[in-house]
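**Q** Encoded as structure tokens, here's the structure I'll be asking about.
Protein chains: 2
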Amino acid sequence: MSSTLLSRRDLRFLLYEWLDAPRLTERPRYAEHSRETFDDVLDLAERVAAEHFAPHNRAADTSEPVVDGGRVRMIPQVKAALDVFAGTGLLGASMDESVGGMQLPHVVSAAAFGFLQAANVSTAAYPFLTLGNANLLLARGSAAQVDTFVRPMVEGRFFGTMCLSEPQAGSSLADITTRAEPQDDGSHRLFGTKMWISGGDHELAENIVHLVLARIPGGPPGVKGISLFIVPKVLVGPDGALGARNDVVLVGLNHKMGYRGTTNTLLNFGEGVHRPDGRPGAVGYLVGEPHQGLAQMFHMMNEARIGVGAGATALGYTGYLKSLAYARQRPQGRPLADKDPTVPQVPIVAHPDVRRMLLAQKSYVEGALALVLYCGRLLDEEKTAPDPADRARAHLLLDMLTPITKSWPSQWCLAANDLAIQVHGGYGYTRDYDVEQHWRDNRLNPIHEGTHGIQALDLLGRKATMDGGAGLSLLLETISATVSRAWKADGEAAELAAQLGAAVDRIAGTTRRLWATGDPALALANASLYLEAVGHVVVAWMWLEQLLAVDAATGAAAGGAADGGGDADAAFYAGKRQAARYFFRFELPRTTARFDLLDGLDRTTLDMRDEWF
Amino acid sequence: MSSTLLSRRDLRFLLYEWLDAPRLTERPRYAEHSRETFDDVLDLAERVAAEHFAPHNRAADTSEPVVDGGRVRMIPQVKAALDVFAGTGLLGASMDESVGGMQLPHVVSAAAFGFLQAANVSTAAYPFLTLGNANLLLARGSAAQVDTFVRPMVEGRFFGTMCLSEPQAGSSLADITTRAEPQDDGSHRLFGTKMWISGGDHELAENIVHLVLARIPGGPPGVKGISLFIVPKVLVGPDGALGARNDVVLVGLNHKMGYRGTTNTLLNFGEGVHRPDGRPGAVGYLVGEPHQGLAQMFHMMNEARIGVGAGATALGYTGYLKSLAYARQRPQGRPLADKDPTVPQVPIVAHPDVRRMLLAQKSYVEGALALVLYCGRLLDEEKTAPDPADRARAHLLLDMLTPITKSWPSQWCLAANDLAIQVHGGYGYTRDYDVEQHWRDNRLNPIHEGTHGIQALDLLGRKATMDGGAGLSLLLETISATVSRAWKADGEAAELAAQLGAAVDRIAGTTRRLWATGDPALALANASLYLEAVGHVVVAWMWLEQLLAVDAATGAAAGGAADGGGDADAAFYAGKRQAARYFFRFELPRTTARFDLLDGLDRTTLDMRDEWF
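Quick look at the structure:
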């Protein structure tokens, strides 16, 4: 059992000492569960990750999938691992029992999936894509579509994709041109090319269920004319039997810097290679109503965006644990006070600069994991809170947090991986150690499922203003509630609360000031900086929450450094306190310069002209 | 001729409109030269880079060197390019004519070499290592050693390495154990293992001249007992003829994430595989006096450290130009004001967030290049200033700037490469575009030739305190002189000067406060943050210097945005102004939080205990 994927002690803290996940079992949906079943699922996920996913992580990188006679060939360990995973039933961890799921709380399944992503993010991507696809169809598909496509996905027989981008339309979905022509039987025929389709072709499953955005001729231009279709690789009969090959053709694989084990494809729909019934076009089935494709896809996108943040977190977390293990065993140099070259060298964890790099990683990855699980908890609230008002509030808060939970870990857990390499020194730059691959793999996360800049426009341009700013108000109130609790707690928590309270005021003031301009171009000119500053405040909030949980667990509100003596729990809590301190001392103050710049309505990027570069 | 390596317009500005390089030709050493010969050398370097280095940059990455029957095999383009390079005589660009050099100013040769590093950093590494080696021997070797080893290096027949690290001793040179046993004939025999030796074995040259740190038995422990030896791969007779194979054995190649075309080796000395005269040990020749190895190696190290900064800058620069070219031709989305999906998409350079990413890159890479060339200019001053006091001052200032010039570009031009990927979106994450390789290649730079943390200790622990703080005072006075000039210039320069002046005060105050503790462990606890903050101030200084040069060139001290109209020069100057603004508005304010933290004598990393992680 690998101990360098995620920390079980940290998960225990987050799930049981902070988020009180077992309390969810009081609700009917989760009544069959208990802390014991949660732990069993975590055990299972950790074991599968360590025994079946981690061992081929490097091989999946060095021997990436290739196209061979029109078919995708890859190392056999991927399918072997995914078959084991399918056997666990974990894909349906949070789904209804009625479709073969386990009905676990999301907060628990998110923690469990973290092990798989930490162990091998590119093999884990196949079930993750499938999960997002299945959840969308569960929410928006017909009963027949669920029976035909979702059940086999839950069983692990079918895998899923999402097909949005086209070569000329990535961030700009308004510009997709794939068209779907209605047929007499109610189905459609699709024609077009889709780019960047992860898991778009392989032989890991019996079938691949593509969810494809396309235009029905005659619809409105732009995003308002996009519809969503199920396009299976292999047609499925009414009895569930596999039929003829649909006209979905692999044009080629993209060759990436990382995440190499996940096929990333260029697909042609309706090219004419396969004609199951002699007629042209890829057979597709409309999901829901026409022209609702974007809204439907966002159901999946929001989930996928939090999933991206979770994946980034998992990669950051395992890199942190690996660099910590390295720092504890690598002897190099001596403390400053002792220059005597005849005394033995010390492990590098003894050097303050190495401790700085480890503390930074710890504060990033544990902060990010707290945020990811907090979102999982909100999903559970949204689904099961007894009071509908609580559900609505959870939904709104989750909406606010989605761009942050996508982007913050993608930026800072990548930074953690950079520090993990640095802790390893020259060794970290070699392919003999895992951390360089984690860094390469993690670099995808600020790009896919909406780039960093897209998330920034989403947060400041849409989420912060929707419903007259109701979402932003709710976020700030929720953070302020933590600040109030910490004030009362006294001690160090109260100190940090003052700092966080001031940061909350800055978010409110800056947002007001930006939108008071009445000029969207000016307000949004530095949206990325806004996203980053707000993200840091949100993660500071996650750290204050954790500090309060530590106070509660130790009965000590005094905030002083706990004695780290022999007791493992005491050391764990002391580490949490120190990481919280680190974040408030080293990280949160960085936001001041960002808020200042935003408050100044800076025009530098707006005024820059193309010809001046 | 590639236009995406470095900008010739920028070089013209830096060399001729700012640093006034042609003025150096008034000095005897450079009297043979003129602006025309400078331009010829830049033309030559750019052509060789574009035609012989750039074309195999990707191939050198995908087909890295392998060991085959004990010999290193690599793609033939590397040797072909290096043969062309040797034919240009550029290796000796700044060397004395007496040893076959061109006696060009360093500021010019540094600019010329930038093209090679931008085109193909891993092929360029071979001559760069050779250059550092040759310069060390020119400074510290005997006349016979220069004749035997340096001349063939200048001719491109021999290549050089530096062999410092051992598996158990990387950052901690006090712990090297390779031993050198004196022989009756005055030579030594070496026994030991050296790790991370770049260019340590290959068949690109007739011979490889290793410069090796080793201990002569009986010497003092630690760094005081280290001596420097020449250990050629093949022995060289008094007549210069190649003789028997010396006992230097390739144990293996390291497999890196980037910089893959440069062999990086584990070498055994005196393993007993080759015994030229039947006796054990690798034949080595002492350079200078015994036990002076560390000081001698630092002659090379200082040059190498500035070279690392130059290489990082070149990679950042070419990535910037490539992402700019991409942003100008990739259509995606529409301006905020125009959501009509029926109008054509705009090139992404039109989006403010993309302009932000390009401006950030521009400010990093042009700021870094200014710093690198400023250091080149200081080298020329150190060597040729008529007044010895000026030489001493240049030496001291260069000493101060060395850790910054090594680290700042390694951090921020890597950040530039990250942004270059982001500008490319998903395409930037594929190996079809250059930027992902630049990012991987550049990641080495914060590690080798002394890690980021080592540079930080050097700056704050040694350079800032040496000679009673004389070096730091000189640096701050020199920056202050620019501030004073800018004050008088009025307009925007005066505004930025106020900001820079305040930052200079903070450096002075923070340094005083840290050392007033009298506690080196406390003073140095956050040395990396000090390095980063001082680095940002130094680069802000470089930007104010450039702004003043723009003012001088345009006759306008008014600092307002110049009209970017049709005139290429006007657009160039407007771009410099905007990049300077960007740096002062977006970057320099980041240092406040860092200086605040340092002033607070923060103990977070010191107090953290190993068992709390």
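Top line first, the protein sequences correspond to chains A and B. Going by the working numbering, the residue at position 448 of the first sequence is 448; the numbering climbs one at a time, nothing skipped. Going by the working numbering, the residue at position 470 of the second sequence is 1083; the numbering climbs one at a time, nothing skipped. Ideal Cβ positions, reconstructed from N, Cα and C, are used throughout, including at glycine.
(1) In three-state DSSP terms, what is A:Asp387?
(2) Considering just the uninterrupted stretch of the alpha helix (DSSP H) at A:Arg47, what are its terminal residues?
(3) In this structure, does DSSP put A:Ala93 in helix, strand or coil?
(4) Determine the direct distance from the alpha carbon of A:Ala81 to that of A:Thr262, and round the result to whole angstroms.
(5) Can you tell me the Cα-Cα spacing of A:Val273 and A:Gly219, whole angstroms?
(6) Based on the DSSP secondary-structure assignment, which residues constitute the bridge partners of B:Phe1226?
(7) Please look up how many angstroms separate the CB atoms of A:Ser407 and A:Leu531, rounded, as I've assumed it's under 8 angstroms.
(8) Distance cutoff 7 angstroms, beta carbons only. Does B:Asn1058 sit that close to anything in chain A?
(9) Tell me, please, whether the CB atom of B:Met1221 is closer than 7 angstroms to any CB atom in chain A?
(10) Pick helix, strand or coil for B:Thr774, following the three-state DSSP scheme.
(11) Just curious, the beta strand (DSSP E) that B:Ala827 is in, first and last residue?
(12) Beta-carbon of A:Pro341 versus every beta-carbon of chain B: anything under 7 angstroms?
(13) Give me, in chain order, the residues of the same chain whose beta-carbon lies closer than 7 angstroms to that of A:Arg377; leave out the 5 immediate sequence neighbours on both sides.
(14) List, in order along the chain, the chain B residues whose C-beta lies closer than 8 angstroms to that of A:Gly170?
(15) Grouping DSSP H, G and I as helix and E and B as strand, with all else coil, what is B:Ile1252?
(16) Is A:Asn526 helix, strand or coil by DSSP?
(17) On the DSSP letters alone, give me the boundaries of the alpha helix (DSSP H) that A:Tyr582 sits inside.
(18) What are the residues in the region 226 to 260 of chain A lying within 9 angstroms of chain B by C-beta distance?
(19) Cutting at 8 angstroms between CB atoms, please list the residues of its own chain near A:Leu457, excluding the five before and the five after it.
(20) Could you check whether the Cβ of B:Trp1021 sits closer than 7 angstroms to any Cβ belonging to chain A?
(21) Give the DSSP bridge partners of A:Asp68, in chain order.
(22) With distances taken from CA atoms, which of B:Arg660, B:Thr1204, B:Asp1215, B:Ala1193 is nearest A:Thr604?
(23) Sort out for me which residues DSSP pairs A:Arg618 with in a bridge.
(24) Below 7 angstroms CB to CB, which residues in the same chain sit around B:Trp1154 once its five sequence neighbours on both sides are set aside?
(25) Kindly indicate which three-state DSSP category A:Glu155 falls into: helix, strand or coil?
(26) Please determine, among B:Asp674, B:Phe698, B:Thr761, B:Ser722, the residue with the shortest C-alpha to C-alpha distance to B:Pro712.
(27) Using the DSSP secondary-structure output, state which residues sit across from A:Lys488 in a beta bridge.
(28) Am I right that A:Cys375 and A:Thr313 are in contact with their C-beta atoms under 8 angstroms? What's the rounded C-beta distance?
(29) Tell me the rounded alpha-carbon separation between A:Val248 and A:Thr265.
(30) Under 7 angstroms between C-beta atoms, does B:Trp1156 make it to chain A?
(31) Can you give me the start and stop residues for the alpha helix (DSSP H) that A:Ser122 sits inside?
(32) Could you pull the DSSP bridge partners for B:Ala782 from this structure?
(33) List the whole-angstrom C-beta distance separating B:Ala724 from B:Leu628, where the pair is believed to meet the contact cut-off of C-beta under 8 angstroms.
(34) Given that a residue counts as buried once 16 or more other Cβ atoms are within 10 Å of its Cβ, and exposed if not, what is B:Glu1063?
(35) Here's a check: name, in chain order, each residue in its chain whose Cβ is nearer than 7 angstroms to the Cβ of A:Ala557, leaving out the five neighbours to either side.
(36) Determine the contact status of A:Val435 and A:Ala420, defining contact as a CB-CB distance below 7 angstroms.
**A** On the basis of the coordinates in this document:
(1) Looking at A:Asp387 - three-state DSSP - the assignment turns out to be coil, as it is neither helix nor strand.
(2) Where A:Arg47 is concerned, the enclosing alpha helix (DSSP H) stretches over 35 to 48.
(3) Reduced to three states, the DSSP call for A:Ala93 is coil.
(4) So the two alpha carbons sit approximately 14 angstroms from each other.
(5) Those two C-alpha atoms are separated by around 28 angstroms.
(6) DSSP output for B:Phe1226 lists no bridge partner at all.
(7) Contact flag correct, Cβ pair sits at about 6 angstroms.
(8) At least 7 angstroms separates the CB of B:Asn1058 from every CB of chain A.
(9) Cβ-Cβ to chain A under 7 angstroms: yes for B:Met1221.
(10) B:Thr774 falls in the strand class under three-state DSSP.
(11) It spans 820 to 828 - the beta strand (DSSP E) in which B:Ala827 sits, taken as one unbroken run.
(12) With its beta carbon less than 7 angstroms from one in chain B, A:Pro341 belongs to the interface.
(13) Cβ-Cβ distances below 7 angstroms link A:Arg377 to Leu19, Val107 in the same chain, with the five nearest sequence neighbours on each side left out; the list follows chain order.
(14) Neighbours of A:Gly170 across chain B, judged by C-beta separation under 8 angstroms: Gln945, Gly1038, Gly1039.
(15) This structure cannot settle anything about residue 1252 of chain B, because the visible part of chain B is limited to 614 through 1226.
(16) Looking at A:Asn526 - three-state DSSP - the assignment turns out to be coil, as it is neither helix nor strand.
(17) Counting along the chain, the alpha helix (DSSP H) containing A:Tyr582 begins and ends at 568 to 582.
(18) For the region 226 to 260 of chain A, which is checked against every Cβ of chain B, the residues closer than 9 angstroms are Asn254, His255, Lys256, Met257, Gly258, Tyr259.
(19) Beyond the five residues adjoining it in sequence on each side, A:Leu457 comes within less than 8 angstroms, by CB distance, of Leu524, Ala527 in the same chain, given in chain order.
(20) No Cβ of chain A is located within less than 7 angstroms of the beta carbon of B:Trp1021.
(21) BP columns for A:Asp68 point to A:Arg71.
(22) For the options B:Arg660, B:Thr1204, B:Asp1215, B:Ala1193, the alpha carbon positioned closest to that of A:Thr604 is the one of B:Ala1193.
(23) Because chain A here runs from 1 to 613, residue 618 of chain A falls outside it and cannot be looked at.
(24) When the five nearest sequence neighbours on each side are left out, the beta carbons in the same chain lying within less than 7 angstroms of the beta carbon of B:Trp1154 are those of Ile1092, Thr1095, Leu1113, in order along the chain.
(25) In the three-state reduction of the DSSP assignment, A:Glu155 falls in the coil class, being assigned neither a helical nor a strand state.
(26) A small correction: the amino acid at residue 712 of chain B is Val; Pro does not occupy that position in the sequence shown. For the residues B:Asp674, B:Phe698, B:Thr761, B:Ser722, the minimum Cα distance to B:Val712 belongs to B:Thr761.
(27) Looking at the DSSP assignment, A:Lys488 forms no beta bridge with any residue, so it has no partner.
(28) With 8 angstroms as the limit, A:Cys375 and A:Thr313 do not qualify as a contact, their Cβ atoms being about 11 angstroms apart.
(29) Just so you know, the alpha carbons of A:Val248 and A:Thr265 end up roughly 12 angstroms apart.
(30) Against chain A, the CB of B:Trp1156 has no partner CB under 7 angstroms away; the residue lies outside that interface.
(31) Counting along the chain, the alpha helix (DSSP H) containing A:Ser122 begins and ends at 121 to 140.
(32) Residue pairing by DSSP places B:Ala782 opposite B:Glu779 in a beta bridge.
(33) The pair is a contact, with the Cβ atoms about 6 angstroms apart (cut-off 8 angstroms).
(34) Residue identity differs from the one stated: residue 1063 of chain B is Gly in this sequence, not Glu. With 16 or more other Cβ atoms within 10 Å, it is buried.
(35) For A:Ala557, the pLDDT reaches just 47, beneath the cut-off of 50, and the residue's location in the model is therefore unreliable, leaving the point undetermined.
(36) For A:Val435 and A:Ala420, yes; Cβs fall inside 7 angstroms.
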